[in-house]
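Reading through the structure tokens given below for one structure.
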Amino acid sequence: MAEQLRLMAVHAHPDDESSKGAATMAKYVAEGVDVLVVTCTGGERGSVLNPKMDRPDVWANIGDIRRAEMDAARAILGIEQAWLGFVDSGLPEGDPLPPLPEGCFALEEVDVAAAPLVRLMRQFRPHVVTTYDEEGGYPHPDHIMTHNVTVAAFEAAGDPDHHPELGEPWQPLKLYYDVGFSRAKILSLHEAMLAAGLESPYGEWMKRWEDRPDKGERITTRVECAEYFPVRDDALRAHATQIDPDGFWFQVPMDLQQRAWPTEDFQLARSMVDSPLPESDLFAGVRETCDAR
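521 is the number of the first residue of the sequence shown in this note's numbering; add one for each residue after it.
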């Protein structure tokens with residue numbers, strides 16, 4: 521019998537799992553893959569981005585509410601989920617930027633913060649791990665720290681000499697970075713909206729893109745998962761403090777999204793198996809390795 525395939529996605533806050541790679545995870549769950557989302561912080565310092573939830577009672581219980589939202593999104597996606605247990609760093613604003621709050625995730629020593637993730641990797645034994653690139657996808661201190669911690673854990677989990685008290689060694693076979701947006705994707709969605717006679721929400725994005733680097737050239741792997749975009753959106757809406765159901769994320773009609781850009785995209789950052797690029801499957805090369813065991 522072929523070995524059970526396992527995917528671990530490491531994210532900074534509750535809601536990140538639903539905005540980055542969620543349709544891919546739902547697809548793999550439907551195919552029988554075990555999927556575990558690791559959430560590094562509780563999102564305690566996150567903003568309330570839904571005007572309908574911007575109320576004193578919500579702010580007074582934001583930590584508990586964000587955990588309940590994560591429970592709802594987890595059930596919608598059909599995944600397992602674990603908390604790493606660190607405290608949200610918040611997103612500093614201003615010039616100069618204020619110091620990060622004492623005791624927050626982004627101020628932890630990387631090796632210390634990676635230890636509970638090493639333990640989880642050795643317990644769950646993922647074949648594939650996904651997270652953010654070295655810039656965090658965007659420069660939130662918790663996202664950058666999530667990248668650092670995930671890379672450290674990926675490299676340490678299989679080392680029998682690295683903290684043996686954290687469990688039996690397990691080496692994940694592939695590490696991917698989410699590539700949520702590329703210039704080609706935004707342009708495709710923008711042009712599809714205009715062709716349909718609709719106002720595009722990406723006009724300003726296209727102007728800004730002229731002055732920012734395009735990560736599209738990093739993409740190695742495109743996973744066809746348009747069928748699961750509605751599941752992704754339902755999971756997003758479960759994070760009601762973070763996602764306005766009448767806001768930006770839902771302005772492009774679903775059928776147009778599915779036609780214009782039917783994939784979620786990733787960069788293969790580390791691999792212990794042979795898998796020719798470009799890929800259409802995060803488990804390319806892994807399936808063959810597992811079947812041979």
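Glycine included, each C-beta is placed from N, C-alpha and C at the ideal position.
If you're wondering where the values come from, they're calculated on a predicted model, not measured in any experiment.
Quiz item: Along the chain, where does the beta strand (DSSP E) that runs through ASP785 open and close?
Solution: One-based indexing of the sequence shown puts residue 785 at position 265. Here the beta strand (DSSP E) through ASP785 covers 783 to 791.
Exercise. Could you spell out the range, first to last residue, of the beta strand (DSSP E) harbouring VAL648?
Key: As a position in the sequence shown, residue 648 is number 128, starting the count at 1. That run of the beta strand (DSSP E) goes 648 to 651.
Quiz item: If you draw a straight line from the alpha carbon of ILE582 to that of GLU564, how long is it in whole angstroms?
Solution: For the purposes of this step, residue 582 is taken as residue 62 along the sequence shown, with counting starting at 1. For the purposes of this step, residue 564 is taken as residue 44 along the sequence shown, with counting starting at 1. Cα-Cα distance, rounded: 6 Å.
Quiz prompt | Proximity winner among GLU613, LYS694, ALA550, relative to ASP794 (alpha-carbon distances) | solution = What you label residue 794 is simply residue 274 of the sequence shown in a count that begins at 1. ASP794 has its Cα closest to that of LYS694, out of GLU613, LYS694, ALA550.
Exercise. For the stretch 548 to 611, list the beta strand (DSSP E) runs that are entirely contained and at least 3 residues long, ordered along the chain.
Key: DSSP runs (the beta strand (DSSP E)) wholly in the stretch 548 to 611: 554 to 561, 600 to 606.
Quiz item: In chain order, what residues of the same chain lie with their CB nearer than 7 Å to the CB of ASP764, ignoring the 5 residues before and after it?
Solution: What you label residue 764 is simply residue 244 of the sequence shown in a count that begins at 1. Correct list, in chain order: LEU569, ASN570, PRO571.
Quiz item: With 16 as the cutoff for other CB atoms within 10 Å, does ASP608 come out buried or exposed?
Solution: Looking up residue 608 in the sequence shown gives position 88. Buried, since its Cβ has 16 or more Cβ neighbours within 10 Å.
Exercise. May I have the straight-line CA-CA distance separating PHE674 from ALA715, to the nearest angstrom?
Key: Position 154 of the sequence shown, counting from 1, holds the residue named residue 674. Position 195 of the sequence shown, counting from 1, holds the residue named residue 715. Near 44 Å, if we compare the C-alpha coordinates of ALA715 and PHE674.
Self-check item: HIS683 (DSSP reduced to helix, strand or coil)
Solution: Working through the sequence shown from its first residue, we reach residue 683 at position 163. The answer is coil: DSSP assigns HIS683 none of H, G, I, E or B.
Exercise. Within the stretch 651 to 735, note down every full beta strand (DSSP E) run reaching 3 residues or more, in order along the chain.
Key: Listed in chain order, the complete beta strand (DSSP E) runs (minimum 3 residues) inside the stretch 651 to 735 are 694 to 699.
Quiz item: Does DSSP classify VAL743 as helix, strand or coil?
Solution: Taking the first residue of the sequence shown as 1, we reach residue 743 at position 223. Strand, per DSSP.
Quiz item: Grouping DSSP H, G and I as helix and E and B as strand, with all else coil, what is ALA532?
Solution: On the sequence shown, residue 532 is found 12 positions in, with the first residue counted as 1. Three-state DSSP puts ALA532 in coil, outside helix and strand.
Quiz prompt | Per DSSP, the bridge partner or partners of LEU527 | solution = Translated into positions along the sequence shown, residue 527 becomes position 7. Its beta-bridge partners are VAL555, VAL648.
Practice problem: Would you kindly work out how many angstroms separate the C-alpha atoms of ASP679 and ARG728, rounded to a whole number? | Solution: As a working mapping, residue 679 is identified with position 159 in the sequence shown. As a working mapping, residue 728 is identified with position 208 in the sequence shown. ASP679 and ARG728: Cα-Cα distance of roughly 44 Å.
Practice problem: Could you pull out every residue in the same chain whose Cβ sits closer than 8 Å to the Cβ of PRO782, ignoring the five residues on either side in sequence? | Solution: What you label residue 782 is simply residue 262 of the sequence shown in a count that begins at 1. Closer than 8 Å at the Cβ level, and outside the excluded window around PRO782, lie GLU744, CYS745, ALA746.
Self-check item: Span separating the alpha-carbon of ALA595 from that of ASP754
Solution: If you number the sequence shown from 1, residue 595 lands on position 75. If you number the sequence shown from 1, residue 754 lands on position 234. So the alpha carbons of these two residues sit roughly 10 Å apart.
Practice problem: Return the residue from the list HIS683, GLY736, ASP681, GLU719 that minimises the CA-CA distance to ARG703. | Solution: Here residue 703 refers to the residue found at position 183 when the sequence shown is read from its first residue. Minimum Cα-Cα distance from ARG703 among the listed residues HIS683, GLY736, ASP681, GLU719 corresponds to GLY736.
Quiz item: Using 8 Å as the Cβ pair cut-off and three pairs as the minimum, do the stretch 637 to 657 and the stretch 680 to 690 touch?
Solution: Because the criterion of three Cβ pairs below 8 Å is met, the stretch 637 to 657 and the stretch 680 to 690 touch.
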